[in-house]
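Enquirer: This structure is in structure tokens; I'll ask about it shortly.
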Amino acid sequence: MNTLLSIEKRNAVLLKMATLLEEERKQLIEINKADLNAYKGDDISMFDRLKVNDLKVNEMIAAAKHLASQDDPVGIERFAFKHENGMQVYNKTASFGTVMIIYESRPDVTVEAAGIAFKSGNKILLKGGKESLKSNLKIVELWHRALRANNASTDWVNYLQFNRNQTQAFLEKPTQKIDLIVPRGGERLIAFVKQHATCPVIISGRGNNFVYVHEEANLDIALNVIINGKTAKISACNAVDKVLIDSNLPNKSKFIETLISKLKEYNVEILGDKETSKYNNVTAIESNAVWFEEFLDFKIVIGEVASNEDAIAMINTYSGGHSSSIITTNDLEAKRFMETVDTAAVYHNVSTRFTDGGQLGLGGELAISTDKLHQRGPIGLQHLVTNKWYIYGNGQTR
Numbered sequence: 046m047n048t049l050l051s052i053e054k055r056n057a058v059l060l061k062m063a064t065l066l067e068e069e070r071k072q073l074i075e076i077n078k079a080d081l082n083a084y085k086g087d088d089i090s091m092f093d094r095l096k097v098n099d100l101k102v103n104e105m106i107a108a109a110k111h112l113a114s115q116d117d118p119v120g121i122e123r124f125a126f127k128h129e130n131g132m133q134v135y136n137k138t139a140s141f142g143t144v145m146i147i148y149e150s151r152p153d154v155t156v157e158a159a160g161i162a163f164k165s166g167n168k169i170l171l172k173g174g175k176e177s178l179k180s181n182l183k184i185v186e187l188w189h190r191a192l193r194a195n196n197a198s199t200d201w202v203n204y205l206q207f208n209r210n211q212t213q214a215f216l217e218k219p220t221q222k223i224d225l226i227v228p229r230g231g232e233r234l235i236a237f238v239k240q241h242a243t244c245p246v247i248i249s250g251r252g253n254n255f256v257y258v259h260e261e262a263n264l265d266i267a268l269n270v271i272i273n274g275k276t277a278k279i280s281a282c283n284a285v286d287k288v289l290i291d292s293n294l295p296n297k298s299k300f301i302e303t304l305i306s307k308l309k310e311y312n313v314e315i316l317g318d319k320e321t322s323k324y325n326n327v328t329a330i331e332s333n334a335v336w337f338e339e340f341l342d343f344k345i346v347i348g349e350v351a352s353n354e355d356a357i358a359m360i361n362t363y364s365g366g367h368s369s370s371i372i373t374t375n376d377l378e379a380k381r382f383m384e385t386v387d388t389a390a391v392y393h394n395v396s397t398r399f400t401d402g403g404q405l406g407l408g409g410e411l412a413i414s415t416d417k418l419h420q421r422g423p424i425g426l427q428h429l430v431t432n433k434w435y436i437y438g439n440g441q442t443r
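In my numbering, the protein residues as written are 46 to 443.
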């Protein structure tokens with residue numbers, strides 16, 4: 046196991062990484078163009094995630110600098126206890142050891158997620174998708190330069206150029222110790238990792254997020270939240286895929302027609318249940334299975350429910366456990382919804398697009414977990430730690 050680098054050295058590596066990203070900005074964007082040109086798929090969300098432009102580089106630089114400014118998450122005392130026999134007991138945060146990140150299409154993960162894992166004292170194994178290989182290798186080269194500049198081993202960040210079969214073999218029989226695996230990508234990737242991994246896996250699950258327009262909703266807020274959630278970034282796991290409209294909503298028909306019109310301005314394909322498919326430009330859903338789907342596309346399902354309780358039941362049945370929002374002026378109904386809906390993030394009159402480590406005050410995120418262990422929702426620097434017990438005595442026996 047690698048000896049933990051001092052916090053000063055970890056911060057220096059991150060700051061050097063920020064400097065190198067600025068210096069190599071043009072070359073990185075140029076290299077990324079080769080990945081974009083080579084991408085032959087028709088997945089628009091994957092293509093969007095693959096792209097590195099000036100804005101993305103700015104975000105990478107900001108992430109590295111922010112991580113360097115944050116307190117060390119390792120060695121923080123969480124519990125202290127003085128035993129009656131004189132033993133002094135402490136529980137402190139500790140690094141996992143080696144974290145493997147398996148991801149698709151997103152070169153920024155090579156900076157942000159790897160940076161979070163590195164700052165929290167872990168050795169990093171990166172396995173990116175073939176579609177972003179050139180971009181990822183360039184960023185790993187920068188990691189190695191930043192490490193060497195601070196007299197640290199390049200072993201702290203390693204890139205695994207494995208195909209699917211090699212990845213499966215490595216997951217089933219790792220050639221080195223792995224303490225934690227974080228898959229970042231679609232449901233197929235996550236299922237593949239869960240099936241073959243022999244160590245703990247943090248599940249960054251599907252989105253399939255819901256907005257419920259309660260009968261006492263502010264309709265302007267409802268429109269803005271839905272349009273933002275659906276159209277601002279379709280490749281995001283915090284995008285909206287499902288809208289539930291209370292059947293008791295005043296001026297319901299006018300609201301639905303306005304919503305359809307607004308969605309059509311963005312060329313969103315609209316599917317509807319028995320009630321909403323009666324409207325123009327809405328296609329009837331073929332089966333309830335569509336309520337389970339995460340679209341990552343300009344596509345949405347609109348349905349009607351009879352009450353808050355029915356909305357909660359729908360979300361708890363079909364959602365990915367990621368994010369849900371209620372639009373209402375009734376605080377009591379909002380409280381009931383937020384306490385009962387089983388998603389990692391719950392919103393009242395707010396877009397689900399804020400389920401993001403940077404937006405929720407963490408400075409960045411390793412992943413957004415839809416598991417309940419050991420951390421739910423955005424996983425930031427302070428969450429990517431395990432713990433360790435320290436016991437001091439002078440000969441105590443039991």
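Glycine is no exception: its CB is placed at the ideal position from the N, C-alpha and C atoms.
Remember, predicted model here, so these are calculated numbers, not experimental data.
Starting from GLN211, trace the alpha helix (DSSP H) both ways and give me its first and last residue.
Expert: 209-217
Enquirer: Would you identify the three-state DSSP class for GLN427, choosing helix, strand or coil?
Expert: GLN427 falls in the helix class under three-state DSSP.
Enquirer: Thinking just about the alpha-carbon of each residue, which of ILE146, GLU217, LYS287, LEU429 is nearest to the one in VAL350?
Expert: LYS287
Enquirer: Starting from the C-beta of GLU410, find all residues in its chain whose C-beta is less than 8 Å away, skip the five residues before and the five after it, and write them out in chain order.
Expert: GLU157, ALA158, ILE161, ASP401, GLY402, GLY403, PRO423, ILE424, GLY425
Enquirer: Based on Cα-Cα distance, which residue from ALA334, LYS319, TRP336 lies nearest to THR328?
Expert: LYS319
Enquirer: Return helix, strand or coil for LYS240, following the three-state DSSP convention.
Expert: One detail in the question is off: residue 240 reads as Gln in this sequence, not Lys. DSSP places GLN240 in the helix class (H, G or I) of the three-state scheme.
Enquirer: Could you check what DSSP says for SER165 in three-state terms: helix, strand or coil?
Expert: coil
Enquirer: Look at GLY231 and HIS367 and say whether their C-beta atoms are less than 8 Å apart.
Expert: no
Enquirer: Is it true that the CB of ILE248 sits closer than 8 Å to the CB of THR415?
Expert: For THR415 and ILE248, yes; Cβs fall inside 8 Å.
Enquirer: On a CA-only basis, which of LEU178, VAL58, LYS110, ASP291 is nearest ALA79? Give me that one, please.
Expert: The option with the nearest alpha carbon to ALA79 is LEU178.
Enquirer: Per the DSSP calculation, GLU261 is bridged to which residue(s)?
Expert: In DSSP, GLU261 forms no bridge with anything.
Enquirer: Could you say which of TRP434, ARG381, ILE279, THR199 lies nearest to LYS344 if we only look at CA atoms?
Expert: ILE279
Enquirer: Could you say which of LYS71, ARG443, VAL430 lies nearest to THR138 if we only look at CA atoms?
Expert: VAL430
Enquirer: Can you say whether ASP99 is buried or exposed, counting buried as having 16 or more other CB atoms within 10 angstroms of its CB?
Expert: exposed
Enquirer: Tell me whether HIS128 sits in a helix, a strand or coil according to DSSP, three-state version.
Expert: Of the three classes helix, strand and coil, the one that applies to HIS128 here is coil, per DSSP.
Enquirer: Nearest to LYS433 by alpha carbon, out of ALA108, PHE141, PRO295, VAL386?
Expert: PHE141
Enquirer: Taking 8 Å as the threshold, find out whether the region 331-341 comes into contact with the region 369-385 through three or more Cβ pairs.
Expert: no
Enquirer: Name the two residues that bound the continuous alpha helix (DSSP H) containing THR64.
Expert: 52-68
Enquirer: Since THR328 sits in a beta bridge, which residues does DSSP pair it with?
Expert: LEU316
Enquirer: Spatial neighbours of LYS110 within its chain, please: C-beta separation below 6 Å, excluding the five flanking residues on both sides.
Expert: ALA63
Enquirer: Within this structure, are the beta carbons of ALA281 and ARG151 separated by less than 8 Å?
Expert: no
Enquirer: My output table needs one value for ALA109: the three-state DSSP class, helix, strand or coil.
Expert: helix
Enquirer: What number of angstroms, rounded off, separates the C-alpha of LYS222 from the C-alpha of THR212?
Expert: 15 Å
Enquirer: Whole angstroms are fine: how far does the CA of LEU234 sit from the CA of THR388?
Expert: 21 Å
Enquirer: Count the other C-beta atoms from every protein chain shown that fall within 10 angstroms of the C-beta of ASP291, then say buried if there are 16 or more, exposed otherwise.
Expert: buried
Enquirer: Does the pairing of the region 110-119 with the region 48-62 give three or more beta-carbon distances under 8 Å?
Expert: Here the region 110-119 makes contact with the region 48-62; the two share three or more CB pairs at distances below 8 Å.
Enquirer: Just to confirm my understanding: we take ILE106, look at its own chain, exclude 5 residues before and 5 after, and list those with CB closer than 8 Å. What are they?
Expert: ALA63, LEU66, GLU67
Enquirer: Go ahead and label GLY166 buried or exposed: buried means 16 or more other beta carbons lie within 10 angstroms of its beta carbon, across all protein chains shown.
Expert: buried
Enquirer: Looking at VAL258 and ILE372, is the spacing between their C-beta atoms short of 8 Å?
Expert: yes
Enquirer: Measure the alpha-carbon distance for GLU302 versus HIS393 and round it to whole angstroms.
Expert: 23 Å
Enquirer: With 16 as the cutoff for other CB atoms within 10 Å, does LEU418 come out buried or exposed?
Expert: exposed
Enquirer: Looking at the strands, I want to know which residues DSSP matches up with LYS309.
Expert: In the DSSP output, where bridge partners are listed per residue, LYS309 has none listed.
Enquirer: Would you give the residue range spanned by the beta strand (DSSP E) that SER369 belongs to?
Expert: From DSSP, the beta strand (DSSP E) with SER369 extends over 368-372.
Enquirer: Check each candidate in ALA108, LEU49, LEU73, TYR437 and name the one with the smallest Cα separation from ARG184.
Expert: The sequence given here has Ile at residue 184, not Arg. Closest by alpha carbon: LEU73.
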